[in-house]
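Below is one structure, written out as structure tokens, with a few remarks after it.
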Amino acid sequence: MGHYATSESFEDFKLFSFGLIALSVIHIAQYAFIAHSRAHTPDAQVSLVFLKMLAMRLAGLFIGTAIGGIAGVIIVCISVTIFLIYPLIMNNRVSIVPINVPHLIERLGLLTIITLGELLVGISLYFDVKSFSIVNVLSYLIIVNLFMFYFC
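Each residue of the sequence shown is one higher than the one before, starting from 56 at the first, in our numbering.
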């Protein structure tokens, strides 16, 4: 089952990276607009912090996508991890503007639901009558249990 975990051609990785790059560019434009339109306010200061975060993530995505292969995947994973940890490091600057915690939890919950749903759809492609085994069933049951655990 290990060979199912990654695509041999890494085309899926490139498509994912291009989508994430496009999303990052849109976010950068949004935060640049906020920083410009609300100059000299706490919102502008927080927007500049997020602009730095997004610029670092975008640079890592570009480099990882250009390199490709396992090294590219590792670079992209590192840049996304730094992007997720950076607000904790810059907590004193980000805490200027309060965070709407219920909204944040709702967004993370939605992301979890989408991810688990995509896992169910993605693993179904590997079920085949010729290669059907207990490993396939156990993999599917693990993902179904993760999905059900979220709702219980």
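Idealized CB from N, CA, C, for every residue including glycine.
Nearest-angstrom Cα separation, counted from residue j out to residue i
i, j, result
"L109", "L193", "38 Å"
"A94", "I137", "27 Å"
"Y141", "D183", "43 Å"
"A99", "R112", "20 Å"
"L163", "F204", "15 Å"
"H91", "P97", "12 Å"
"I189", "F202", "20 Å"
"A126", "L103", "30 Å"
"Q85", "G177", "32 Å"
"I144", "F187", "47 Å"
"Y181", "N191", "8 Å"
"L175", "F71", "18 Å"
"H158", "G123", "35 Å"
"Y59", "K185", "Legend: pLDDT at Y59 = 45, less than 50; position of this residue unreliable, no value from coordinates given."
"L166", "L139", "14 Å"
"V101", "I160", "20 Å"
Residue i, buried or exposed, once every other Cβ within 10 Å from all chains shown has been counted against 16
i, result
"F88", "exposed"
"T120", "buried"
"I130", "buried"
"S179", "exposed"
"V80", "exposed"
Beta-carbon proximity of residue i to residue j, cut-off 8 Å
i, j, result
"F68", "V128", "yes"
"L106", "I133", "no"
Near the ligand FMN: residue i beta-carbon under 7 Å from a heavy atom
i, result
"F204", "Absent from the structure shown: the ligand FMN. Ligands present: none."
When the Cβ atoms of the region 111-121 are set against those of the region 73-85, are three or more pairs found closer than 8 Å? yes
Does the pairing of the region 198-207 with the region 171-190 give three or more beta-carbon distances under 8 Å? yes
Ranges of the alpha helix (DSSP H) found wholly within the region 131-190, counting only runs of at least 4: Counting whole runs of 4 or more residues, the region 131-190 contains the alpha helix (DSSP H) stretches 146-149 and 156-179.
Could you pull out every unbroken alpha helix (DSSP H) segment of at least 4 residues lying fully inside the region 77-122, listed in chain order? Complete alpha helix (DSSP H) runs here, min 4: 97-122.
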